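Numbering-wise (the numbering used here), the sequence shown opens with residue 5 and increments by one.
From the three backbone atoms N, C-alpha and C, an ideal C-beta is built for every residue, glycine too.
In this text, all values refer to a predicted model and were calculated from it rather than measured experimentally.
The structure under discussion appears below in the form of structure tokens.
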Amino acid sequence: MKMWMALLVVLVAPLSWGANEMFAENRYVGGQPSAADLQRLAASGVRHVINLRPAAEQAGYDESAAVTAEGMQYHNLPVAGAADISFANAQALDALLADIGDEPVLLHCASGNRVGALMALRAAMQGQDDESAIAEGRRWGMTRLEPVVRQRLQEQDCLIAMKSPC
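Given below as structure tokens:
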């Protein structure tokens with residue numbers, strides 16, 4: 005299994021979409037892949053693509069059709085921006101990842117920022133303290149959405165503590 009994973013990393017590494025890295029076993033994150041990148045991902049063993057981009061900002065080709073044509077499964081969880089960085093969407097992403105199980109998956113948005121933001125909220129849902137959750141989000145690609153995630157974490161902390169106003 006470890007040799008297969010090493011081969012997968014070698015095959016995935018040269019893709020054109022930048023920050024393509026493995027963040028957990030069989031979990032990759034990056035920006036928008038091209039149709040050619042999807043071919044290489046499929047050839048390297050990736051079985052699923054989770055796209056966090058909404059229809060309004062799709063990449064100029066039918067990603068769903070391209071993913072399916074390569075024998076992978078396409079999942080879309082539209083996260084349009086800061087307003088969609090929510091515990092509900094983090095829970096939806098967690099459910100998708102649970103359904104996928106250990107199969108290799110690419111999670112992407114335009115840059116990885118939204119992926120990281122939802123992964124930070126997911127980490128908090130799984131019991132990590134706020135700073136650990138923020139660190140997890142950064143590890144997955146969160147950048148400009150960090151203030152939004154911090155706000156969501158504070159709102160959640162206030163709800164739990166039943167503080168009003170917070």
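| Item | Value |
| --- | --- |
| Span of the alpha helix (DSSP H) around Ile164 | Glu150 to Ala165 |
| Short Cβ contact (8 angstroms threshold) for Val71 with Leu101 | no |
| Nearest-angstrom Cβ-Cβ length linking His52 and Gln77, presumed shorter than 8 angstroms | 5 angstroms |
| With 16 other Cβ atoms within 10 Å as the buried cut-off, status of Gln155 | exposed |
| Gly85 versus Gly49 - alpha carbon distance | 30 angstroms |
| Delimiting residues of the beta strand (DSSP E) encompassing Gln77 | Gln77 to Asn80 |
| Val71 (DSSP reduced to helix, strand or coil) | helix |
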